[in-house]
Amino acid sequence: MNRLLACLLLILPLGAHAAARGTGDLGLFIERASSSVQIVETSTNTSIGRIGELGDLSHASVVYSRDERYAYVFGRDGGLTKVDILKAEISKRKMQSGNSIGGAISQDGRLVAVSNYKPGGVKVFDADSLELVADIPATYGDRQQRSKVIGLVDAPESKFVFALWDAGEIWVLDMSDRKQPKIQKFKGIGRNPYDALITGDGRYYIAGLFGEDGMAMLDLWNLSAGVKRILPNYGKGTQKLPVYKMPHLEGWAVAGNFAFVPAVGRHEVLVIDMQSWQQAGRIKVHGQPIFVMARPDGRQVWVNFAIPDNDTIQVIDTQSLAVIKELKPGKGVLHMEFEPRGEEVWMSVRDENRVEVYDTRSFERKSSIPATKPSGIFFTARAHRIGL
Amino acid sequence: MTRLIWLALSLALSAPVAASDGVSGDRERELRNLLIQDCGSCHGLQMKGGLGPALLPEMLQGKSVEYLSTVILHGRPGTAMPPWRSLLSADEARWMAQQLLDRNLQ
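Below is the structure:
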């Protein structure tokens, strides 16, 4: 009986209904231990399907096609999977390297780029067919070593930008002519860029440096000015704590003229004045921040933390720069994603095997969805944002 | 059924280690989770490498529990490998090193 029901449930959405619904309130989250994703709907806060056999999904991330129907899932094991979220099925899948870390979709939605650790470099695929379009090895130095690539983002004018962890370089890849990719390299940007972001307007690319203080910034409207170091004096001479997990910069939180970023190895969120690119403040927080994410209206910033403080979330008010709320959703809070207009936020609580939805005004828990070791959460609204 | 077999296997494999290193059942579960999930965030959930190198038994051949647990406790200054001594005891680090060498990760 149950089986019959399950079959019916499976078949029904595939019929006429599938074509008749929008995808603007859909998304998915990664279940990293079981190699699966669950498709979710944010209007009712429910799970509407699960897709398995996606390989090693530790650190997996997702971008969306411009019609918000297909999700491209980038797996750690080099798997690139195109998922049809309406039909809840894999539409194409390819093993494209041995070890990869994330990807991006081009401005026009026709190309998908993947950044690889091993062999280090970037590969660009046709978004439709997943055929290889360009292979860009991240070679550097006299012996032509290959570097791990991090912080790959899309940028306006058919560009992708990324950084080389081992080489300390930023590369701008221009794909306007598919047959002749053009690369511009910026060397000596600082040791071990660990992640990078692009501002929502697509103008500034900023890489965090693990090996030294400060961040490396490239103004894409002004490439000839080269890479500049911002926040150069941050933390000089003070002892850092061990870094158990690399912070993420992707959720670059901007509110007014201020940007909020996680400090590496410190229990602090940094406030950056985006006019002068100087540090405008630092906010003491509960642990080492991992994701520092602004509610879409910019009024609040939500922060999660590295082990051993990963059971906690703090909320910063961006006007007073004070922590106004602390939540304890449970052990292993790995990621957060705001609903497109910010009234609710979803978070994965890995060790409790739940994805939870909180109201961002009352801070009450609204829903809880069972999940297997959930990590990244990605809603389709990302399809129309630069750098996501 | 397969679960049962797994359970039996992992008990059989890990019991002696646990006993000799004084890692109790509950803590062992925590450590296993830490090893897969948190070490895994740099070394890969399946220890096939990421920002940090792969830690498969093949790669670790010839390296001693002593050596590996020292790296785990003290990290590698100047690299992204952090010291874990404020979260792990020496016994626990040895236990982890042994798990890596045995590839006893499930």
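In order, the protein sequence lines correspond to chains B and L. For the record, in the first sequence the residue sitting at position 51 is 51 according to the working numbering, with numbers rising by one throughout. For the record, in the second sequence the residue sitting at position 22 is 1022 according to the working numbering, with numbers rising by one throughout. Glycine included, every Cβ here is placed at the ideal spot set by N, Cα and C.
Minimum C-alpha distance to residue 1039 of chain L - residue among B:319, B:245 and B:303: Along the second sequence, one-based indexing puts residue 1039 of chain L at 39. Ranking B:319, B:245 and B:303 by Cα distance to residue 1039 of chain L puts B:245 first.
Proximal residues to residue 1103 of chain L (C-beta, below 6 Å), its chain only, five neighbours per side dropped: In the second sequence, the residue the question calls residue 1103 of chain L occupies position 103. Result list for residue 1103 of chain L: 1057, in chain order.
Proximity below 8 Å, CB of residue 158 of chain B to CB of residue 195 of chain B: Locating residue 158 of chain B in the first sequence gives position 158, counting from the first residue. Locating residue 195 of chain B in the first sequence gives position 195, counting from the first residue. Against a cut-off of 8 Å, the Cβ pair of residue 195 of chain B and residue 158 of chain B comes out as no contact.
Residue from B:165, B:262 and B:193 whose Cα sits closest to the Cα of residue 292 of chain B: The residue you call residue 292 of chain B lines up with position 292 of the first sequence. Out of B:165, B:262 and B:193, B:262 has the C-alpha closest to the C-alpha of residue 292 of chain B.
Length of the line joining the Cα atoms of residue 169 of chain B and residue 149 of chain B: Position 169 of the first sequence, counting from 1, holds the residue named residue 169 of chain B. Position 149 of the first sequence, counting from 1, holds the residue named residue 149 of chain B. Residue 169 of chain B and residue 149 of chain B: Cα-Cα distance of roughly 10 Å.
Chain-ordered chain L contacts of residue 118 of chain B [CB-CB under 8 Å]: Position 118 of the first sequence holds residue 118 of chain B. Going along chain L in sequence order, the residues near residue 118 of chain B (Cβ under 8 Å) are 1049.
Chain B within 8 Å of residue 1037 of chain L, Cβ atoms only: Along the second sequence, read from residue 1 onward, the residue named residue 1037 of chain L stands at position 37. It does: the Cβ of residue 1037 of chain L has a partner Cβ on chain B nearer than 8 Å.
At least three beta-carbon pairs within less than 8 Å, the region 81-90 of chain B to the region 65-72 of chain B: yes
Closest residue to residue 45 of chain B among B:370, B:214 and B:383 (Cα-Cα distance): Here residue 45 of chain B refers to the residue found at position 45 of the first sequence. Checked all of B:370, B:214 and B:383; the closest Cα to residue 45 of chain B is B:370.
N-terminal and C-terminal residue of the alpha helix (DSSP H) that residue 336 of chain B is part of: Start at 1 with the first residue of the first sequence, and residue 336 of chain B comes out as number 336. Segment 333-338 is the beta strand (DSSP E) holding residue 336 of chain B; no alpha helix (DSSP H) there.
Per DSSP, cross-strand counterpart(s) of residue 383 of chain B: As a working note, residue 383 of chain B is residue 383 in the first sequence. Residue 383 of chain B pairs with nothing; no bridge assigned.
Minimum Cβ-Cβ distance from residue 1083 of chain L to chain B less than 8 Å: Reading the second sequence from its first residue, position 83 is the one you call residue 1083 of chain L. Yes - at least one Cβ of chain B is within 8 Å of the one on residue 1083 of chain L.
C-alpha gap between residue 188 of chain B and residue 141 of chain B, whole angstroms: For this step, residue 188 of chain B is matched to residue 188 along the first sequence. For this step, residue 141 of chain B is matched to residue 141 along the first sequence. Approximately 11 Å, taken between the alpha carbons.
Classification of residue 1098 of chain L by the beta-carbon crowding that lies within 10 angstroms, buried from 16 upward: For the purposes of this step, residue 1098 of chain L is taken as the residue at position 98 of the second sequence. By the neighbour-count rule (16 or more Cβ atoms within 10 Å), residue 1098 of chain L is buried.
Any beta strand (DSSP E) of 3 or more consecutive residues that is wholly inside the region 17-75 of chain B: 26-31, 36-41, 46-51, 61-64 and 70-74
Meets three-Cβ-pair contact criterion under 8 Å: the region 333-340 of chain B and the region 269-285 of chain B: no
Simplified DSSP state of residue 388 of chain B, which is helix, strand or coil: Counting from 1 along the first sequence, the entry for residue 388 of chain B is found at position 388. Residue 388 of chain B falls in the coil class under three-state DSSP.
Sequence-distant residues of its chain with Cβ nearer than 7 Å to residue 368 of chain B (five each side left out): The residue you call residue 368 of chain B lines up with position 368 of the first sequence. Cβ within range, chain order: 354 and 356.
Pair within 8 Å by beta-carbon distance, residue 379 of chain B and residue 139 of chain B: Translated into the one-based positions of the first sequence, residue 379 of chain B becomes position 379. Translated into the one-based positions of the first sequence, residue 139 of chain B becomes position 139. Result no, Cβ atoms of residue 379 of chain B and residue 139 of chain B do not sit closer than 8 Å.
Of the listed residues L:1036, L:1063, L:1026 and L:1069, nearest to residue 1088 of chain L (C-alpha basis): Along the second sequence, read from residue 1 onward, the residue named residue 1088 of chain L stands at position 88. Looking at the Cα atoms, L:1069 is the closest of the given residues.
Per-residue burial, residue 1026 of chain L [other beta carbons within 10 Å of its own, 16 or more giving buried]: Taking the second sequence and counting its residues from 1, one reaches residue 1026 of chain L at position 26. Per the 10 Å Cβ criterion, exposed.
Residue from B:347, B:203, B:175 and B:230 whose Cα sits closest to the Cα of residue 214 of chain B: Locating residue 214 of chain B in the first sequence gives position 214, counting from the first residue. Of B:347, B:203, B:175 and B:230, the residue nearest in Cα terms is B:230.
Within chain L, partners of residue 243 of chain B - CB distance below 8 Å: Residue 243 of chain B sits at position 243 when you count from the first residue of the first sequence. Going along chain L in sequence order, the residues near residue 243 of chain B (Cβ under 8 Å) are 1080 and 1082.
8 Å contact criterion, which residue 143 of chain B and residue 120 of chain B should meet: CB distance rounded: For the purposes of this step, residue 143 of chain B is taken as the residue at position 143 of the first sequence. For the purposes of this step, residue 120 of chain B is taken as the residue at position 120 of the first sequence. Not quite, the Cβ-Cβ distance comes to about 13 Å (not below 8 Å), so this is no contact.
Exposed unless 16 or more other CB atoms sit within 10 angstroms - verdict on residue 1029 of chain L: The residue given as residue 1029 of chain L occupies position 29 in the second sequence. Per the 10 Å Cβ criterion, exposed.
Close-in-space but distant-in-sequence residues of the same chain around residue 364 of chain B (CB under 8 Å, 5 per side omitted): Here residue 364 of chain B refers to the residue found at position 364 of the first sequence. Excluding positions up to five away in sequence, the list reads 358.
8 Å Cβ cut-off: residues of chain L touching residue 99 of chain B: Working through the first sequence from its first residue, we reach residue 99 of chain B at position 99. By Cβ distance, chain L contributes 1044, 1048, 1049 and 1050.
Proximal residues to residue 328 of chain B (C-beta, below 7 Å), its chain only, five neighbours per side dropped: Taking the first residue of the first sequence as 1, we reach residue 328 of chain B at position 328. Around residue 328 of chain B: 311 and 312.
Host beta strand (DSSP E) of residue 1091 of chain L (start-end): Working through the second sequence from its first residue, we reach residue 1091 of chain L at position 91. Unbroken run through residue 1091 of chain L is the alpha helix (DSSP H), 1090-1102; no beta strand (DSSP E).
Within 8 Å, strictly: CB atoms of residue 286 of chain B and residue 250 of chain B: For the purposes of this step, residue 286 of chain B is identified with residue 286 of the first sequence, where counting begins at 1. For the purposes of this step, residue 250 of chain B is identified with residue 250 of the first sequence, where counting begins at 1. No, the pair does not count as a contact, with Cβ atoms beyond the cut-off.
Residues bridged to residue 302 of chain B [DSSP beta-bridge criterion]: By one-based count along the first sequence, residue 302 of chain B stands at place 302. Note: residue 302 of chain B sits in a beta bridge opposite B:293 and B:315.
Any chain L beta carbon closer than 8 Å to residue 307 of chain B: Translated into the one-based positions of the first sequence, residue 307 of chain B becomes position 307. Cβ-Cβ to chain L under 8 Å: yes for residue 307 of chain B.
Neighbourhood of residue 1080 of chain L by C-beta, 8 Å cutoff - its chain only, sequence neighbours within 5 removed: In the second sequence, residue 1080 of chain L corresponds to position 80, counting from 1. These residues qualify, in order along the chain: 1042, 1051 and 1052.
Residue 225 of chain B classed as buried or exposed, judged by whether at least 16 other C-beta atoms fall within 10 angstroms: Locating residue 225 of chain B in the first sequence gives position 225, where the first residue counts as 1. That one is exposed.
Residue 1078 of chain L, DSSP secondary structure in three states: Here residue 1078 of chain L refers to the residue found at position 78 of the second sequence. In this structure, residue 1078 of chain L counts as coil in the three-state DSSP scheme.
Cβ separation of residue 1044 of chain L and residue 58 of chain B, assumed to be a contact under 8 Å, to the nearest whole Å: The sequence position of residue 1044 of chain L within the second sequence is 44, counting from 1. The sequence position of residue 58 of chain B within the first sequence is 58, counting from 1. Between residue 58 of chain B and residue 1044 of chain L the Cβ distance is about 6 Å, and since that is below 8 Å, they are a contact.
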